[in-house]
Ligand SMILES: [Mn+2]
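Numbering (the working numbering), first residue to last: 25 to 491.
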């Protein structure tokens, strides 16, 4: 019998590999490799090993080769150490996100140095708000510039817009000029955000402002880390801005370099990171007077964390999320009202759309897979927009017995966005990847072209195959 189960096996492998790399291999540079996490697939035939190394690009390339060469050996030793009947095949995946999480990485290492081995859960539990440390170069850029353009990603949510408005408020408190760009479709739940839409500027005006000589010292992308996530209205000026930064909590995917700034995937929201930036700025420094974090900034931050933590229900919620909520409530934020408006309130059009979507629920494979759909006809007949589908996945994943949810949203005549969730713990990233998409194990998506019934059938088959 196998003593390791699911997550436990991941941790056991992570630990054993770290030990082997420290002592068991000849190549000294491999001892500098950090194993960030391990993910074993369902039948345990393959283990994806996320790794990173601090050092030059050359070191990284060297380690990548070394790990590949040592894979067989490590696999064999693992089997012995963990007494596995069959040890999984090791696939090494370079984890770029870790390189950039300098702050947290350092904190975690520090914690580790203090005590025995700590698993991810313990680490997350011990993180305090003050452990999130904004990078010095980002703070420096915010202090140095006079005019800032802040851009939440397209199809923004209250986290993206709330964080942008809060940061703009802080910059204005420092006598800087700061504008937040807004897009044609306001985010669902925006009504709780102080300053929206009064303090936002249509993205379409960017070009005119540029032409009038009002060019920004820096552009700051919020809740995303690539220029491509900016709305098309901004595309023309994006390449011309001298400096672009980001504040984001999403994992960096792909090999391409993200924007400089602060990417911290441990945070449940970008608003949390922005709060820490504001807090640092508010202390003032040489020739820069301190300022107060006001109620509007606090409310915008709270709307962001309440949205991204699903009202403190999502597993991404950290103890430090409650620490921040406490701080914000003490600053006077009307937590109940903001939560109600951000997460709960629906327009009549959105309610009509919800009725239609609920009526279209379809169960497959004895109720293991649930599919739902929002097409253009439904939007046109109810007067709702795609932004109004926010929260609908949450209702579907709540249905007892459902392992996978697929939500098909129509983007164009033959184009469908498929959002996948696995409330039952399965791996939807693997399914999204088969269709050219990506994401995380529990939440992923892809965009497919074709007939909706046909797309639905293919996706459902792939999900059922996943088990
Ligand atoms: Mn977010």
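Every residue, glycine too, gets a C-beta built ideally from N, C-alpha and C.
Measuring alpha carbon to alpha carbon, tell me which residue in the options is nearest residue i.
i: residue 61; options: 231, 349, 72 and 289; result: 72
i: residue 335; options: 213, 37, 477 and 97; result: 213
i: residue 207; options: 234, 199, 193 and 176; result: 176
i: residue 310; options: 462, 168 and 58; result: 168
i: residue 251; options: 411, 284, 240 and 491; result: 284
i: residue 184; options: 56, 297 and 162; result: 297
i: residue 224; options: 193, 239, 253 and 241; result: 193
i: residue 265; options: 444, 235 and 443; result: 235
i: residue 406; options: 372, 424, 432 and 92; result: 372
i: residue 203; options: 452, 240, 180 and 218; result: 240
i: residue 85; options: 117, 189 and 330; result: 117
i: residue 87; options: 445, 341, 49 and 32; result: 49
i: residue 163; options: 456, 33 and 271; result: 271
i: residue 179; options: 404, 447 and 414; result: 414
Using the beta-carbon count (16 or more within 10 Å), is residue i buried or exposed?
i: residue 470; result: buried
i: residue 81; result: exposed
i: residue 437; result: exposed
i: residue 375; result: exposed
i: residue 487; result: buried
i: residue 67; result: exposed
i: residue 490; result: buried
i: residue 295; result: buried
i: residue 293; result: buried
i: residue 361; result: exposed
i: residue 186; result: buried
i: residue 480; result: buried
i: residue 328; result: buried
What number of angstroms, rounded off, separates the C-alpha of residue i from the C-alpha of residue j?
i: residue 370; j: residue 90; result: 54 angstroms
i: residue 126; j: residue 347; result: Model confidence at residue 126 stands at a pLDDT of 45, short of 50, so the residue's coordinates are unreliable; what they give is reported in the following sentence. Taking the straight line from one Cα to the other gives about 22 angstroms.
i: residue 211; j: residue 326; result: 16 angstroms
i: residue 37; j: residue 464; result: 20 angstroms
i: residue 140; j: residue 113; result: Unreliable positioning characterises residue 140 in this predicted model, as indicated by a pLDDT of 40, which lies under 50. The coordinate reading is nonetheless provided below. Distance between the alpha carbons of residue 140 and residue 113: 28 angstroms.
i: residue 477; j: residue 77; result: 45 angstroms
i: residue 274; j: residue 268; result: 17 angstroms
i: residue 248; j: residue 97; result: 39 angstroms
i: residue 449; j: residue 308; result: 46 angstroms
i: residue 182; j: residue 70; result: 38 angstroms
i: residue 429; j: residue 289; result: 24 angstroms
i: residue 434; j: residue 474; result: 11 angstroms
i: residue 245; j: residue 59; result: 30 angstroms
i: residue 454; j: residue 462; result: 8 angstroms
i: residue 484; j: residue 174; result: 40 angstroms
i: residue 99; j: residue 119; result: 20 angstroms
i: residue 345; j: residue 35; result: 25 angstroms
i: residue 46; j: residue 53; result: 10 angstroms
i: residue 222; j: residue 188; result: 14 angstroms
i: residue 352; j: residue 342; result: 16 angstroms
i: residue 43; j: residue 276; result: 27 angstroms
Three-pair Cβ contact test at 8 angstroms for the segment 387 to 398 versus the segment 415 to 435: yes
Stretch-stretch touch, CB-based, cutoff 8 angstroms, three pairs: the segment 253 to 261 with the segment 145 to 157: no
Three or more C-beta pairs below 8 angstroms linking the segment 378 to 385 and the segment 349 to 358: no
Three-pair Cβ contact test at 8 angstroms for the segment 213 to 233 versus the segment 155 to 165: no
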